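Reading through the structure tokens given below for one structure.
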Amino acid sequence: MKSTILETKICLCGQDSLDVAKSNGNIGVVYYSQSKYEPALEYYQKSLDIKIKVSGQDSLDVAKSYGNIGNVLDDMGRPEEALVHLQNDLEIQLKLLVHLCWHTIYSFRC
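Residue numbers (our numbering): 6 to 115.
Now the structure itself:
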């Protein structure tokens, strides 16, 4: 059923849309919850690739995908690879947080 919905979204929205990325991520979540790490990793990676293509490297959606991939890799016993992805997640979040803080501070200047 999920594959049919995903195929329909691809036909309607195109391969590179955030809706398709979200569906890939959701399928990854299902596989991850079933401890089926290889397909979870595959769908999380598809989701990440689309998000980077559509939103650029520095978005919270991209950071979340890096975190998801890091968690899967850690559960697969690949901690070095997991760490790289989790660090990417953290770096993006910190970059966006700093930008938000400066924007907020500037907004309150009199």
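Ideal Cβ positions, reconstructed from N, Cα and C, are used throughout, including at glycine. Since the structure is predicted, the reported quantities are computational estimates derived from the model, not experimental observations.
Spatial distance of residue i from residue j (CA atoms)
| i | j | result |
| --- | --- | --- |
| residue 73 | residue 82 | 15 angstroms |
| residue 33 | residue 77 | 10 angstroms |
| residue 52 | residue 79 | 19 angstroms |
| residue 54 | residue 20 | 11 angstroms |
beta-carbon residue i near the ligand FAD non-hydrogen atom, thresh 6 angstroms
| i | result |
| --- | --- |
| residue 81 | This structure lacks the ligand FAD, and indeed carries no ligand of any kind. |
Burial state of residue i (16 or more Cβ within 10 Å)
| i | result |
| --- | --- |
| residue 25 | buried |
| residue 67 | buried |
| residue 100 | exposed |
| residue 70 | buried |
| residue 10 | exposed |
| residue 46 | buried |
| residue 58 | exposed |
Nearest-angstrom Cβ-Cβ length linking residue i and residue j, presumed shorter than 8 angstroms
| i | j | result |
| --- | --- | --- |
| residue 30 | residue 48 | 7 angstroms |
Practice problem: Ignoring anything shorter than 3 residues or poking outside the region 35-96, list the beta strand (DSSP E) runs there in chain order. | Solution: The qualifying runs do not exist here; there are none.
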